[in-house]
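Worksheet for the structure shown next.
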Amino acid sequence: MSLLSLPFDVLSSIFSKTPAGSLLSLATSCRSLRDIIIPEFLFQRVALATRCRAGLDSFRDRMRDPVARDAVRYLTISMNALDRDPHAPQSLTIIEDIMLGLVNLRGVRMVDSCNCFPVEGRIMRTLASLPHLRRLHISNSYQYALESIQTLTSLQFISIAPSTATFHYPAGSPVEELLINSRDALEEIHLSDMELDFGHLTWLSSRAACGGLVWPRVHTLHLRVHAEERQEVDFAHPFPLVDDFAFTGSEWAKCPCNLPFMKRLQFFEGTWEAMAAIWTINTTLRCAALCNAPSDAICLTDLIKHMPTNLRDFRVKAAGALALLEILEQLKEVAPHLTYLDVTDTRDSESLSVYLLQCLPEILSPLPLEYLAVTAPFGEIARSTYLSALRDIIPSLQGVYLNSTQDFSYWRRDVCVRGEGSVGSFVGQSQMDGEETREYYSTRWR
242 MSLLSLPFDV LSSIFSKTPA GSLLSLATSC RSLRDIIIPE FLFQRVALAT
292 RCRAGLDSFR DRMRDPVARD AVRYLTISMN ALDRDPHAPQ SLTIIEDIML
342 GLVNLRGVRM VDSCNCFPVE GRIMRTLASL PHLRRLHISN SYQYALESIQ
392 TLTSLQFISI APSTATFHYP AGSPVEELLI NSRDALEEIH LSDMELDFGH
442 LTWLSSRAAC GGLVWPRVHT LHLRVHAEER QEVDFAHPFP LVDDFAFTGS
492 EWAKCPCNLP FMKRLQFFEG TWEAMAAIWT INTTLRCAAL CNAPSDAICL
542 TDLIKHMPTN LRDFRVKAAG ALALLEILEQ LKEVAPHLTY LDVTDTRDSE
592 SLSVYLLQCL PEILSPLPLE YLAVTAPFGE IARSTYLSAL RDIIPSLQGV
642 YLNSTQDFSY WRRDVCVRGE GSVGSFVGQS QMDGEETREY YSTRWR
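Residue numbering for the sequence shown follows the working numbering, beginning at 242 and increasing consecutively.
So, in structure tokens, the structure goes:
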């Protein structure tokens with residue numbers, strides 16, 4: 242049987258586990274295979290390390306093949322320590338040549354920034370010359386380097402996040418100009434650890450009512466930013482289609498002009514004060530991420546009783562295992578359809594976290610959970626006991642993520658048939674496979 246006669250999903254399963262070198266050899270052995278493997282499996286998403294000069298040269302040579310060159314859609318560039326690399330100018334020239342030659346390039350992800358303005362500025366100027374770019378993800382770049390890309394108007398997705406909590410973009414930075422210039426195309430905005438001037442972006446209701454700026458296509462707006470708390474901030478007017486929202490403030494939820502915005506949300510991540518306001522009026526919310534569960538028992542009880550019964554995805558952070566348990570014990574009553582749960586204990590107490598792990602399987606057993614993520618300080622013994630209990634008590638559970646704050650692991654249910662019945666156990670996953678599994682279940686309802 243020829244490989245080409247196999248269904249695409251079978252080919253995908255085979256080739257996804259095949260090393261890139263073997264795939265390339267297979268592709269060059271047969272023209273018909275080349276036309277399938279290169280665009281669909283090998284070069285659609287490419288990762289380049291700027292310090293690997295040989296790898297850059299090799300990839301540039303491969304891009305002389307028109308099928309390979311036209312296949313590349315997404316490029317990840319690691320710029321780790323490039324500022325200390327004596328061959329940095331040559332590496333930058335190669336990267337520029339590669340990006341300029343990729344006529345179908347749609348997305349660029351820059352990671353491990355080198356913290357060198359001349360280097361970053363050069364890359365940014367190249368990005369600014371790509372009118373077909375649709376997605377841009379940048380971490381830990383100098384705000385001055387971003388000036389070169391603020392004129393881009395084609396971006397549909399933008400994510401800018403410093404990799405360290407101490408690094409911030411000040412108000413009035415080129416980020417704001419980039420958002421304004423791309424507003425007609427943007428669909429997703431993800432910003433972290435920076436200051437935003439809501440007045441400059443005309444997000445104040447007084448200016449929006451006079452015809453302020455509008456982002457007509459944005460459906461996902463994640464603003465984990467630093468901003469002066471203003472009750473009059475209006476999200477309803479500038480973002481008429483947003484249904485996936487994350488914001489660090491709470492005063493905005495008290496503004497009457499935001500009521501239509503709050504009612505249509507399907508996913509919200511924020512403070513418990515804002516969450517309480519949304520749960521009071523939004524009964525169709527499917528996904529919620531609570532960043533700071535209240536420590537006050539009265540506030541906590543009042544918050545939980547308003548939890549939407551339609552909730553399918555719930556993520557919660559609390560300062561202590563006992564506060565988490567108080568919330569989780571009521572989920573079977575208030576959120577009976579929950580399939581994804583992410584729990585984080587932000588207080589460093591191993592004894593209480595072990596107690597949390599011991600209680601979770603019984604507490605969660607009535608729920609139809611498919612994926613469970615737990616971040617808390619616990620030991621190896623507690624983890625193995627916990628996995629066994631989950632396997633036996635929650636048969637619907639397909640995946641588990643455990644983070645003990647010292648290490649983390651991914652697990653999936655492996656079902657095998659023995660005799661007259663089936664036996665399921667959790668087996669470890671690689672980080673790449675585990676992240677894919679978690680992403681699948683964490684985005685099902687968004």
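Cβ atoms here follow ideal geometry from the backbone N, Cα and C, with glycine treated the same way.
Can you tell me whether residue i is buried or exposed, with buried defined as 16 or more other CB within 10 angstroms of its CB?
| i | result |
| --- | --- |
| G640 | buried |
| I568 | buried |
| T525 | exposed |
| P535 | buried |
| F649 | exposed |
| N499 | buried |
| L223 | Since the first residue of the chain shown is 242 and the last is 687, residue 223 is not available in this structure. |
| M673 | exposed |
| R305 | exposed |
| T684 | exposed |
| L628 | buried |
| S273 | exposed |
| T334 | exposed |
| G620 | exposed |
| N523 | buried |
| V287 | buried |
| I545 | buried |
| N417 | Checking the sequence shown, residue 417 turns out to be Glu, not Asn. That one is buried. |
| P607 | exposed |
| I278 | buried |
| I539 | exposed |
| D554 | buried |
| I255 | exposed |
| P479 | buried |
When the Cα atoms are used, what is the spatial distance from residue i to residue j?
| i | j | result |
| --- | --- | --- |
| S666 | D298 | 45 Å |
| A518 | Y682 | 27 Å |
| K573 | L531 | 18 Å |
| S263 | A295 | 18 Å |
| W520 | S414 | 34 Å |
| R659 | L638 | Note that R659 scores a pLDDT of 48, beneath 50, so its modelled location is shaky; the value from the coordinates is reported in the next line. Between R659 and L638, the C-alpha separation is close to 20 Å. |
| I604 | L506 | 28 Å |
| P549 | L579 | 11 Å |
| W652 | P602 | 16 Å |
| V483 | A529 | 15 Å |
| H378 | I401 | 6 Å |
| T512 | N533 | 6 Å |
| E680 | S671 | 14 Å |
| I634 | Q599 | 12 Å |
| G391 | N345 | At residue 391 the sequence reads Gln, which differs from the Gly that was named. So the alpha carbons of these two residues sit roughly 21 Å apart. |
| M690 | N551 | Any question about residue 690 goes unanswered here, given that the chain covers just 242 to 687. |
| S253 | F282 | 8 Å |
| L343 | R314 | 8 Å |
| G490 | I622 | 39 Å |
| F476 | M503 | 9 Å |
| F509 | V668 | 32 Å |
| L631 | V584 | 15 Å |
| R687 | A614 | 17 Å |
| L597 | L565 | 8 Å |
Taking residue i and residue j to be in contact with their CB atoms under 8 Å, please state how far apart those CB atoms are, rounded to whole angstroms.
| i | j | result |
| --- | --- | --- |
| W493 | V474 | 5 Å |
| D586 | T542 | Their Cβ separation, rounded to whole angstroms, is 20 Å, which puts D586 and T542 out of contact at 8 Å. |
| V349 | I399 | 11 Å between Cβ atoms; not a contact. |
| L420 | L393 | So it is not a contact: roughly 10 Å between Cβ atoms. |
| L190 | M340 | No information on residue 190 is available, as it lies outside the stretch 242 to 687 that the chain covers here. |
| A562 | L593 | 4 Å |
By the three-class DSSP mapping on this structure, what secondary structure does residue i have?
| i | result |
| --- | --- |
| R653 | strand |
| G362 | helix |
| Q670 | strand |
| A353 | According to the sequence displayed, residue 353 carries Asp and not Ala. The answer is coil: DSSP assigns D353 none of H, G, I, E or B. |
| G620 | coil |
| F488 | strand |
| N644 | strand |
| V308 | helix |
| M516 | helix |
| R375 | coil |
| A288 | strand |
| F480 | coil |
| T259 | coil |
| R465 | strand |
| L265 | helix |
Counting only beta-carbon separations shorter than 8 Å, does residue i have a partner in chain D?
| i | result |
| --- | --- |
| S433 | Here there is only one protein chain, and chain D is not present. |
Hey, is residue i close to the ligand PLP, as in C-beta under 7 Å from one of its heavy atoms?
| i | result |
| --- | --- |
| A630 | For the ligand PLP, the structure offers nothing, since it holds no ligand at all. |
Beta strand (DSSP E) segments (min. 3 residues) lying fully within the region 551–604: Scanning the region 551–604 from its first residue to its last, the whole beta strand (DSSP E) runs of 3-plus residues come out as 554–559 and 581–586.
Mind listing, in chain order, the continuous beta strand (DSSP E) runs of no fewer than 3 residues lying wholly within the region 521–550? For the region 521–550, whole beta strand (DSSP E) runs of length 3 or above, ordered along the chain, are 528–531.
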